[in-house]
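If you read the sequences in order, they're chains A and B.
At position 388 of the first sequence the residue is numbered 713 (my numbering), and the sequence of numbers has no breaks.
At position 18 of the second sequence the residue is numbered 343 (my numbering), and the sequence of numbers has no breaks.
Protein chains: 2
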Amino acid sequence: MKNTLVMAQLNPVTGDIEYNKNKAIECIKKANEINADLVVFPELFLLGYPMGDILGRYPNIVNQIYSALDEIKEYVTNTSVLIGYPEKNKNKFGKPFYNSVAYIQNKKIIKSIRKSLLPNYAEHNDYRYFEPYDIIKEDRIIEINNIKYGVIICEDGWNDFEFFERNLYHKDPISAIAPEVDVLVCPASSCTRAKKEQLKHNMMKHTAKKYGIKYVYVNQTGANDELVYDGLSRIYNEKGEIIAQAKAFEEEFYAVDIFKGGKVNPLPSGLELTLNSQKEFSLDHKPDLERTYKTITVAIKEYFSKNGFKRAVLGLSGGLDSSVCAVLLADALGSENVLGISMPSKITSKESKSDAKKLAENLNIHFKEIPIGDMYLSISEKFKNIFGEIQDDFEGRYSASYTQDNIQARSRAMILWGIANEFSSTLPVATSDKSELYMGYATINGDMSGGYAPIADVVKTKLFALARWMNENRAVKNVIPESIILKPPGAELAINPKTGKPLLAEEALMPYEFLDEVIWRIENLNQSIDNMMKSKFLYEKNNILDSKTKLEWLKKFFKRMNTALYKWYILPPAPVVDARSINKIEFKQPIISNINYEI
Amino acid sequence: MKNTLVMAQLNPVTGDIEYNKNKAIECIKKANEINADLVVFPELFLLGYPMGDILGRYPNIVNQIYSALDEIKEYVTNTSVLIGYPEKNKNKFGKPFYNSVAYIQNKKIIKSIRKSLLPNYAEHNDYRYFEPYDIIKEDRIIEINNIKYGVIICEDGWNDFEFFERNLYHKDPISAIAPEVDVLVCPASSCTRAKKEQLKHNMMKHTAKKYGIKYVYVNQTGANDELVYDGLSRIYNEKGEIIAQAKAFEEEFYAVDIFKGGKVNPLPSGLELTLNSQKEFSLDHKPDLERTYKTITVAIKEYFSKNGFKRAVLGLSGGLDSSVCAVLLADALGSENVLGISMPSKITSKESKSDAKKLAENLNIHFKEIPIGDMYLSISEKFKNIFGEIQDDFEGRYSASYTQDNIQARSRAMILWGIANEFSSTLPVATSDKSELYMGYATINGDMSGGYAPIADVVKTKLFALARWMNENRAVKNVIPESIILKPPGAELAINPKTGKPLLAEEALMPYEFLDEVIWRIENLNQSIDNMMKSKFLYEKNNILDSKTKLEWLKKFFKRMNTALYKWYILPPAPVVDARSINKIEFKQPIISNINYEI
């Protein structure tokens, strides 16, 4: 049909050219059948994204891609195609590839459109392999059935001189082509993060209005290791209104008359509330909970299936972190594919044990209780002897240490990895959360060890909110027992001598409400201790906090954070959820980095 | 003295502005005393390099650096100074910083010279934070006592159009300034790698001769996490001859008359042999052994001291890897700061036990033997019960698995981490080598776990050579017992049913000579299975190898490598030694990356 454009919102597998090619061909055939004017695939679709160093390390991938293009073009008959691929740079100068989009019509590759703005911040690393191409207006314009399309590729659209206060690049590809075309088309690979949808929407709306132009944005879905793609491909009209929007977090062949528009699928619920920027820390995590839930479940599903795993095994402590992980895993993999193990020690309370069991029953996952008291005792006894012998000629034994705590955490991880070694297609899961990882409150080879770490980018106060949200919004309500949500978090690895009860996390650390705001201020405002001392925390509005204690907490935070850098270095892959994360695909701080965090 | 230039070959601490500033001031004072014309510090000296994301995350570092510069300039009297720092980009466009060198004279910052070519390959990531600056000839030229100096910064010097077959950048800063100056000055932060010295030397020699110009190159020393800097600052004369060269791998205040030259300190021994490129795989690792030894010992020393650790604990199996690690640790930290633990199981041979002990005695390190038979038995027994229970409703139990092997490796790691938790300033060390990491022949939370992994970038055949080299070249000869070097490697975790003896690594994998050449071909030639089938391996010159077996080995290699990607992801920091490594600071391959390695 005339004026029909297909947004091919698909999920590629990085490096699997055969798979991506077949997916493309299938889609082109469908587009031919409906006589669509144009099918648009996401950025670098034939290769998959992100790609790491595979282009440099395995140069034959590029030959495979060129063969795939040759095969694909034979299917391009009734429709025209824009499909992303890495194009060889045949010049003597520059990086070896361009980040390109092939324009295919009537079985011919008419030309390649090359990306000019190459992002190299956060998770992006385009400049590592791609040469930025000059902005040449004519190259970027194509005409189909009397409609002129101007093609930009992802970051090419992120440099409007009015919209941004500061621009990363000196040139704006859109301003060069928009005045001459009817429709902007933007193939993209843009991963989901907190606050990003809001920024992206405002920016594209601004552009569509500014130039009085249609704006077609085609994003990928699926996930690769840490990055999750939310789809939500869309079309803006000349007034900056969304007239068509594909589903969130799902593959879709979305055919639409670009003049009439089509179904506007909703954003994850609550997300529209974030369309005004959050300038202060808030405990109201609600606007981001469905997006967070979907991001993590898609991440898990993709990581497991694309790597050939089916099943997860995790420790169920009866606490919040492992309970939330269990629900996310059950929803991502199917409850029949999740095995929860309660591994109580002497310190574990009766409630924790019964809560863990109840959660497993509610979720209908496999469940076993394996007490570790015997293992802990025998290792502890052995250690006593070892340390006694060693201290004779190796000085500096601590009078108090975390050794006993860690024996418990490491025994549990040993059991989980043992099960993963013994049963096919099974991956152990690390349940550490972001608040605790910032404080290094996680045991190496213990609770922070696993094949994947689903909630490593979610702070504790948000996890509480997510638990409540899942209890309310899943088909089966209230799977997480209320007692788990009400219980103050604690690792149950040691007794607090002051209370005689298991040490609570907030006793060992500081109140989570305060802790999470420190993290928020670091990640969103880049604040130092000095800045934070001058700022009023939400916690201070509801509690009395003298400045001496505040300073102590802040110093403790940064001191612990600095020694946690090693733990971040060996953190398993974890989905990026927040606007900024400690995930190593994004945040790079040398372990050796003696920074003065105070000033 | 007239014409005297100081190469300030120093070791900064990343992020520790106070420390770096004081180091700079001390050096400037000494230069004032001898009335040097000019002191040249390494690239980004005030910040330290590499820097990760600390500029973006902690913006106050930049203010600290500006204050430091203000303080430093007051000391600049008799001498002039070139000192590297991140300069704010105050324009509305571009990345937030320039990679700059401040030119200070008579207590005034005269100007800043900005880097134009920003590397973004291998371990480099300059473009993440720095804006490339146009090549403006006048900006880069300074004149002192009638000598004209042209300043380039590290990568600025790596783009000669004749020297390289292919150029990463379109412009060459040297060609713009060399014709107008007497001396090129290049502050750099250039880490050591196999084959790099050869390339660097040939390139600088070419440049000095081409323009008939002196070339001063000032590199840093020390290390940061994975990267080690070999110093070797130097001056080439107009004929391309080295007329002065600072020490390798050591700090030095090297004052020299640039016309007369000075002491030419030697390269690490053997390295001059590599000044012709190695085009084929060779088992003669000799030319690179002293450099390898120095790289790793400096890396260990720096990682421990800069992070506040003093002592290392490691498992001594009586095998090659742990023995080599023990020697390197003793030399880096002092033998009194190394604790070797022999942890024999039922499978461990008598020879392994006595070899471990003998090595420790020879090295004069602390030593304990802690049998793990009891721990293994009780955990193994517990696992039997656990698995029995689980298999009732969790299908897919393997008939043969690595579970038993891994219990041993994990028990050992648990002991080492326990000791590190219990004794102050002590870090456990991972002893995995590069050949075995490529094959995933390492246990998660077992032998691959530790605070640092000294030999993770050294292949097995080179480790044998390194062991022999250390036996010959250390002050105390032959600390590694000959029996350790002669013994075929094996993890001693399982019995080979065919031989009834502990399974050897080459039985589980393939001959190391072949394996190491596969790695060499991937890293140096980017070859696929198909390429390798068409190539003749060194192994094939000395052994009969039918193509069916060769293909099997190659397929096995890539299959195992692909499943090892997760292990690389959680590998502890390890010094980069080879021309290419699997270290995550350099090599980035998504764990999800279904590549066809065959074609």
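Glycine included, C-beta positions come from ideal geometry on N, C-alpha and C.
Separation of residue j from residue i, as counted between CA atoms
{"i": "alanine 333 of chain A", "j": "isoleucine 744 of chain A", "result": "40 Å"}
{"i": "glutamate 563 of chain A", "j": "arginine 616 of chain A", "result": "28 Å"}
{"i": "asparagine 450 of chain B", "j": "glutamate 480 of chain B", "result": "12 Å"}
{"i": "alanine 580 of chain B", "j": "histidine 495 of chain B", "result": "35 Å"}
{"i": "aspartate 613 of chain A", "j": "proline 779 of chain A", "result": "16 Å"}
{"i": "isoleucine 740 of chain B", "j": "serine 726 of chain A", "result": "15 Å"}
{"i": "serine 674 of chain A", "j": "isoleucine 690 of chain A", "result": "22 Å"}
{"i": "isoleucine 910 of chain B", "j": "tyrosine 446 of chain B", "result": "10 Å"}
{"i": "alanine 655 of chain A", "j": "arginine 799 of chain A", "result": "12 Å"}
{"i": "isoleucine 854 of chain B", "j": "glutamate 877 of chain B", "result": "10 Å"}
{"i": "leucine 596 of chain B", "j": "arginine 518 of chain B", "result": "11 Å"}
{"i": "tyrosine 391 of chain B", "j": "serine 437 of chain A", "result": "46 Å"}
{"i": "leucine 493 of chain B", "j": "lysine 693 of chain B", "result": "53 Å"}
{"i": "tryptophan 893 of chain A", "j": "tyrosine 837 of chain A", "result": "20 Å"}
{"i": "phenylalanine 317 of chain A", "j": "phenylalanine 883 of chain B", "result": "Beyond the ends of chain A as shown, which are 326 and 924, falls residue 317 of chain A; an answer cannot be given."}
{"i": "asparagine 503 of chain B", "j": "cysteine 511 of chain B", "result": "The question names asparagine, but residue 503 of chain B in the sequence shown is alanine. Spanning the two alpha carbons is a distance of roughly 12 Å."}
{"i": "tyrosine 599 of chain A", "j": "glutamine 523 of chain A", "result": "Looking at the sequence shown, residue 599 of chain A is not tyrosine but threonine. Using only the alpha carbons, I get a separation of about 6 Å."}
{"i": "tyrosine 410 of chain B", "j": "proline 444 of chain B", "result": "17 Å"}
{"i": "glutamate 577 of chain A", "j": "phenylalanine 418 of chain A", "result": "39 Å"}
{"i": "proline 457 of chain B", "j": "leucine 811 of chain B", "result": "53 Å"}
{"i": "alanine 427 of chain A", "j": "aspartate 464 of chain A", "result": "11 Å"}
{"i": "tyrosine 540 of chain B", "j": "isoleucine 844 of chain B", "result": "36 Å"}
Three-way DSSP call (helix, strand, coil) for residue i in this model
{"i": "asparagine 544 of chain B", "result": "strand"}
{"i": "histidine 526 of chain A", "result": "helix"}
{"i": "tyrosine 458 of chain B", "result": "coil"}
{"i": "lysine 588 of chain A", "result": "coil"}
{"i": "proline 806 of chain A", "result": "coil"}
{"i": "proline 813 of chain A", "result": "coil"}
{"i": "methionine 376 of chain A", "result": "coil"}
{"i": "leucine 664 of chain B", "result": "strand"}
{"i": "glutamate 694 of chain A", "result": "strand"}
{"i": "lysine 925 of chain B", "result": "A query on residue 925 of chain B cannot be resolved here, the shown segment of chain B reaching from 326 to 924 and no further."}
{"i": "tyrosine 894 of chain A", "result": "helix"}
{"i": "methionine 795 of chain A", "result": "helix"}
Proximity below 9 Å, CB of residue i to CB of residue j
{"i": "lysine 683 of chain B", "j": "proline 669 of chain B", "result": "no"}
{"i": "isoleucine 583 of chain A", "j": "threonine 329 of chain A", "result": "yes"}
{"i": "threonine 546 of chain B", "j": "aspartate 485 of chain B", "result": "no"}
{"i": "tyrosine 374 of chain B", "j": "serine 514 of chain B", "result": "yes"}
{"i": "isoleucine 435 of chain B", "j": "leucine 394 of chain B", "result": "no"}
{"i": "phenylalanine 748 of chain A", "j": "glycine 340 of chain B", "result": "no"}
Residues near residue i in its chain [Cβ-Cβ closer than 8 Å; skip 5 each side]
{"i": "isoleucine 353 of chain B", "result": "Val364, Ile397, Tyr400, Val401, Thr404 and Val406"}
Sequence-distant residues of its chain with Cβ nearer than 6 Å to residue i (five each side left out)
{"i": "glycine 775 of chain A", "result": "Pro753, Val754, Ala755 and Pro897"}
{"i": "glutamate 761 of chain A", "result": "Ala767"}
{"i": "isoleucine 429 of chain B", "result": "Lys398, Val401 and Val406"}
Spatial neighbours of residue i in its chain, beta-carbon cut-off 7 Å, leaving aside the 5 residues before and after
{"i": "alanine 790 of chain B", "result": "His610, Lys611 and Leu614"}
{"i": "threonine 728 of chain B", "result": "Phe708"}
{"i": "arginine 885 of chain A", "result": "Met764 and Gly765"}
{"i": "phenylalanine 488 of chain B", "result": "Met528 and His531"}
Inset, instruction - Using a Cβ-Cβ cut-off of less than 7 Å, give me the residues of the segment 397-416 of chain A that come near chain C, in sequence order. - result: Protein chains in the displayed structure are A and B, and chain C is not among them.
Inset, instruction - Output, in sequence order along the chain, the residues in the segment 372-400 of chain A whose CB is closer than 9 Å to any CB in chain B. - result: Gly373, Pro375, Met376, Gly377, Asp378, Ile379, Gly381, Arg382, Tyr383, Pro384, Asn385, Ile386, Asn388 and Gln389
Inset, instruction - Taking only beta carbons into account, state which residues of the segment 742-756 of chain A come closer than 7 Å to chain B, listed in chain order. - result: Trp742, Gly743, Ile744, Asn746, Glu747, Phe748, Ser749 and Ser750
Legend entry - Near-chain A residues of the segment 876-887 of chain B (beta-carbon distance less than 8 Å), N- to C-terminal order: none
Inset, instruction - Anything in the segment 333-350 of chain B with a Cβ closer than 8 Å to a Cβ of chain A? List those residues in chain order, please. - result: Val338, Thr339, Gly340, Asp341, Ile342, Glu343 and Tyr344
Inset, instruction - Give the residues from the segment 900-922 of chain B that approach chain A closer than 9 Å (Cβ to any Cβ), ordered along the chain. - result: Arg905, Lys909, Ile910, Glu911, Phe912, Lys913, Gln914, Pro915, Ile916, Ile917, Ser918, Asn919, Ile920, Asn921 and Tyr922
Legend entry - Positions along the segment 437-471 of chain B whose CB lies within less than 7 Å of some CB in chain A: Asn445, Tyr446, Tyr452 and Arg453
Inset, instruction - Using a Cβ-Cβ cut-off of less than 9 Å, list which residues of the segment 662-688 of chain A approach chain B; keep chain order. - result: Leu664 and Ile666
Inset, instruction - Compile a chain-ordered list of the residues in the segment 507-531 of chain B whose CB is closer than 8 Å to at least one CB of chain A. - result: none
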